[in-house]
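Worksheet: the structure to be examined is printed underneath.
Protein chains: 2
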Amino acid sequence: MPYDPSAFPPFAVTVDLVVLTVRRDALCALVVRRGEQPFQGRWALPGGFVRAEEDLTAAAARELAEETGLCVHDPRSPAPGSGAHLEQLATYGDPKRDPRMRVVSVAHLALAPDLPPPRAGGDANQARWSPVGSLLSQQGGARHEDQYGQLAFDHTRILADGVERARSKIEYSSLATAFCPPEFTVGELRRVYEAVWGVALDPRNFHRKVTGTPGFLVPTGGTTTRQGGRPAQLFRAGGATLLNPPMLRPEV
Amino acid sequence: MPYDPSAFPPFAVTVDLVVLTVRRDALCALVVRRGEQPFQGRWALPGGFVRAEEDLTAAAARELAEETGLCVHDPRSPAPGSGAHLEQLATYGDPKRDPRMRVVSVAHLALAPDLPPPRAGGDANQARWSPVGSLLSQQGGARHEDQYGQLAFDHTRILADGVERARSKIEYSSLATAFCPPEFTVGELRRVYEAVWGVALDPRNFHRKVTGTPGFLVPTGGTTTRQGGRPAQLFRAGGATLLNPPMLRPEV
DNA sequence: GGAATAGTGTCTGTGAGACAGTATGCG
DNA sequence: CGCATACTGTCTCACAGACACTATTCC
Chain A
1 MPYDPSAFPP
11 FAVTVDLVVL
21 TVRRDALCAL
31 VVRRGEQPFQ
41 GRWALPGGFV
51 RAEEDLTAAA
61 ARELAEETGL
71 CVHDPRSPAP
81 GSGAHLEQLA
91 TYGDPKRDPR
101 MRVVSVAHLA
111 LAPDLPPPRA
121 GGDANQARWS
131 PVGSLLSQQG
141 GARHEDQYGQ
151 LAFDHTRILA
161 DGVERARSKI
171 EYSSLATAFC
181 PPEFTVGELR
191 RVYEAVWGVA
201 LDPRNFHRKV
211 TGTPGFLVPT
221 GGTTTRQGGR
231 PAQLFRAGGA
241 TLLNPPMLRP
251 EV
Chain B
1 MPYDPSAFPP
11 FAVTVDLVVL
21 TVRRDALCAL
31 VVRRGEQPFQ
41 GRWALPGGFV
51 RAEEDLTAAA
61 ARELAEETGL
71 CVHDPRSPAP
81 GSGAHLEQLA
91 TYGDPKRDPR
101 MRVVSVAHLA
111 LAPDLPPPRA
121 GGDANQARWS
131 PVGSLLSQQG
141 GARHEDQYGQ
151 LAFDHTRILA
161 DGVERARSKI
171 EYSSLATAFC
181 PPEFTVGELR
191 RVYEAVWGVA
201 LDPRNFHRKV
211 TGTPGFLVPT
221 GGTTTRQGGR
231 PAQLFRAGGA
241 TLLNPPMLRP
251 EV
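Protein chains in written order, with the UniProt record's numbering: chain A, 1 to 252; chain B, 1 to 252.
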């Protein structure tokens, strides 16, 4: 029965956002506190309904702007500044995932440089960056329960999928630069990899590898000394999106 | 406005299937001829509405069974025989992708061993395997137009995304075995890689690599001579799902 | 000077690709 | 026999990881 418009089950379609950033050497996700039932008072991923004439990506970009003020990179134009990377993650449609009605949520993954603490969006009374380690390690225990608790709905699962996507994607793409400001040093980029993967990397091999991959980094000519020590060259992201050879996660 | 159940835009949700197999050394996709408007008479990917109390994956598995008779592997149980691999691909929700109404389609990717020509499903009056090269190379030209034409809706895009997913996923996972019968030779597995990637591989290096990757292949003890030449050992898929080291596509 | 970070050089093991050579079936 | 396919061995180059060493800043 292909497409009988007169008799199809009614669905609500939402977008949920896994917004990741690196703050103080930790991978953090944006969560908002729910003001309504169900899961009132619990933390959840930001999201909302897709509008009637709105594309899915446009809905995700709109929600991202509402929650963070970030604009989205157009992947085709050389990114000027503090735009974010946005891509579709997966779709979650278990009939019981929302107790009130049938909701299909198209989750998106956004990667952003470190930002000032988020302003509360129009539709969320509280928002914060939380380390993903804390959000994902709630194995039924009571630790930090007041601080975080389990995320609402199936958002823990969605967050885990988003984090895994980010971890694997920075291996073979230049996406790690989306966590960095427009100009950054090799050391800053290395700390991004270390935070996302949760491992320590050899600074010397990392430097040789990352500067030797064509199209990954472009020197801007400037230097900085914001980390202490010898001044470091500043770079911006090069045109390459796929890294060849890839960066390899240790201990696989 | 998170979740106002009384006022959300109504959506129809469907699943579309990219079902791939390898036939006669070519990567082929399952297409069905549409019996209704719009795009009546054009080829399209199989698919249909998600039912009111049905999970997305269950809907995809149901459609797959209706079109091909295939059962889906449970990835957790050791796969006995000719089940298919099924995974979510991506979700397509452009407001204009269906001219009649707002339809969000959750596309799934299925990989199956070579099958007898498909029986027409209950909701499709014709079905066939077509080489993906023919389906994807319709650059506005008129060649093969009677045979294939452009796929209906945005299905060319969905198919292209599914093929690219399959091409990249057999690099770092053992998914290529999903294209093989329960027992197969190294040469047959190599022809799967060659068909999916569209390249020629060195049989000797391939053999050394694939038999040296732990957990990828398990010898069954039997041999076969169905390709002519010296009899080849028969294998079945091992327990490993992630290949380390990965198979690498040449010319990247 | 001492600590910290940036950047370069050198060695070694692993593995991919190229390809010689052997084994075993069919006609 | 020739031919096709299966399988093993060897060589070379590239690169990942380990780590010594130098450079430049701040204290």
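Even for Gly, the Cβ is constructed at its ideal location relative to N, Cα and C. What you are looking at is a predicted structure, and each value in this text was computed from that prediction instead of being measured.
Checklist line | Distance between beta carbons of A178 of chain B and H85 of chain B, contact taken as under 8 Å | finding: Taking the second sequence and counting its residues from 1, one reaches residue 85 of chain B at position 85. Taking the second sequence and counting its residues from 1, one reaches residue 178 of chain B at position 178. Confirmed, about 4 Å.
Margin query: Can you pull the chain A neighbours of L56 of chain B, defined as C-beta to C-beta under 7 Å?
Written below: Residue 56 of chain B sits at position 56 when you count from the first residue of the second sequence. Within chain A, the residues near L56 of chain B are T91 and G93.
Note to self: If contacts are defined as beta-carbon pairs under 8 Å, then P231 of chain B and T241 of chain B qualify, I think. What distance do you get, rounded to the angstrom?
What the structure shows: Taking the first residue of the second sequence as position 1, residue 231 of chain B is located at position 231. Taking the first residue of the second sequence as position 1, residue 241 of chain B is located at position 241. Between T241 of chain B and P231 of chain B the Cβ distance is about 29 Å, and since that is not below 8 Å, they are no contact.
Next item on the list: Have a look at R208 of chain A and D202 of chain A and give me their C-alpha separation to the nearest angstrom.
Entry: The residue labelled residue 208 of chain A in the question sits at position 208 within the first sequence. The residue labelled residue 202 of chain A in the question sits at position 202 within the first sequence. Whole-angstrom Cα-Cα distance: 10 Å.
Margin query: Whether or not the stretch 169–183 of chain B and the stretch 105–117 of chain B are in contact is what I'm after, with contact meaning three or more pairs of Cβ atoms, one per stretch, closer than 8 Å; do they touch?
Written below: yes
Margin query: Looking at S130 of chain B: is its Cβ nearer than 7 Å to the Cβ of V31 of chain B?
Written below: Translated into positions along the second sequence, residue 130 of chain B becomes position 130. Translated into positions along the second sequence, residue 31 of chain B becomes position 31. In this structure, V31 of chain B lies closer than 7 Å to S130 of chain B by Cβ.
Notebook entry, point to check: Bridge partners of F49 of chain A, per DSSP?
Noted result: By one-based count along the first sequence, residue 49 of chain A stands at place 49. Answer is A:T14.
Check: Among all the DSSP beta bridges, which residues are the ones paired with T68 of chain A?
Finding: Here the question's residue 68 of chain A lines up with position 68 in the first sequence. None, per the DSSP bridge assignment.
Next item on the list: Note down, in chain order, every chain A residue with its Cβ under 9 Å from the Cβ of R249 of chain B.
Entry: In the second sequence, residue 249 of chain B corresponds to position 249, counting from 1. Here the premise fails: no neighbours, minimum Cβ distance about 11 Å.
Next item on the list: Compute the distance between the beta-carbons of residue 265 of chain B and V103 of chain B, then report whether it is under 7 Å.
Entry: Here chain B comprises residues numbered 1 to 252, so residue 265 of chain B is not present and cannot be evaluated.
Check: Looking at the unbroken beta strand (DSSP E) that takes in R236 of chain A, where does it start and where does it end?
Finding: Taking the first residue of the first sequence as position 1, residue 236 of chain A is located at position 236. First-last of the beta strand (DSSP E) with R236 of chain A: A232 to A237.
Item checked: Opening and closing residue of the alpha helix (DSSP H) in which P131 of chain B lies -> Along the second sequence, one-based indexing puts residue 131 of chain B at 131. Run containing P131 of chain B: none in the alpha helix (DSSP H); it sits in the beta strand (DSSP E), A127 to P131.
Next item on the list: Whole angstroms is fine: what's the gap from G47 of chain B's alpha carbon to D16 of chain B's?
Entry: Here residue 47 of chain B refers to the residue found at position 47 when the second sequence is read from its first residue. Here residue 16 of chain B refers to the residue found at position 16 when the second sequence is read from its first residue. Those two C-alpha atoms are separated by around 4 Å.
Notebook entry, point to check: By Cβ distance, which residues of its chain are closer than 7 Å to L175 of chain B, with the 5 residues on each side in sequence left out?
Noted result: Taking the first residue of the second sequence as 1, we reach residue 175 of chain B at position 175. Hits under 7 Å: H85, L111 and K169.
Notebook entry, point to check: Closer than 7 Å, CB to CB, is F216 of chain A near chain B or not?
Noted result: To locate residue 216 of chain A, count along the first sequence from 1; it is residue 216. Chain B, which has no Cβ nearer than 7 Å to the Cβ of F216 of chain A, makes this no.
Checklist line | First and last residue of the uninterrupted alpha helix (DSSP H) at G187 of chain B | finding: Translated into positions along the second sequence, residue 187 of chain B becomes position 187. Its alpha helix (DSSP H) spans residues V186 to W197.
Notebook entry, point to check: With DSSP run on the structure shown, which of helix, strand or coil describes T57 of chain B?
Noted result: Mapped onto the second sequence, residue 57 of chain B falls at position 57. When DSSP states are grouped into helix, strand and coil, T57 of chain B belongs to the helix group.
Item checked: Secondary structure of L135 of chain A, DSSP reduced to three states -> Against the first sequence, residue 135 of chain A aligns to sequence position 135. Looking at L135 of chain A - three-state DSSP - the assignment turns out to be helix.
Checklist line | Nearest residue (CA-CA) to L64 of chain B, options B:V19, B:D55, B:M101 and B:A90 | finding: Here residue 64 of chain B refers to the residue found at position 64 of the second sequence. For L64 of chain B, the nearest C-alpha among the options comes from B:V19.
Notebook entry, point to check: If you draw a straight line from the alpha carbon of Y172 of chain B to that of L248 of chain B, how long is it in whole angstroms?
Noted result: For the purposes of this step, residue 172 of chain B is taken as residue 172 along the second sequence, with counting starting at 1. For the purposes of this step, residue 248 of chain B is taken as residue 248 along the second sequence, with counting starting at 1. Straight-line Cα distance between these residues: approximately 8 Å.
Next item on the list: Using three-state DSSP, classify S174 of chain A as helix, strand or coil.
Entry: Translated into positions along the first sequence, residue 174 of chain A becomes position 174. Three-state result, S174 of chain A: coil.
Margin query: Within the continuous beta strand (DSSP E) that includes P219 of chain B, where are the two ends?
Written below: Here residue 219 of chain B refers to the residue found at position 219 when the second sequence is read from its first residue. Per DSSP, P219 of chain B belongs to the beta strand (DSSP E) from L217 to T224.
Check: Under a Cβ-count criterion, where at least 16 other Cβ atoms within 10 Å of its own Cβ denotes burial, should R34 of chain B be classed as buried or exposed?
Finding: Counted from its first residue, the second sequence places residue 34 of chain B at position 34. Buried, since its Cβ has 16 or more Cβ neighbours within 10 Å.
Next item on the list: For my contact list, V106 of chain A and G93 of chain B are in at a C-beta cut-off of 8 Å; report their separation, rounded to the angstrom.
Entry: For the purposes of this step, residue 106 of chain A is taken as residue 106 along the first sequence, with counting starting at 1. For the purposes of this step, residue 93 of chain B is taken as residue 93 along the second sequence, with counting starting at 1. The Cβ separation is near 7 Å, so the contact holds.
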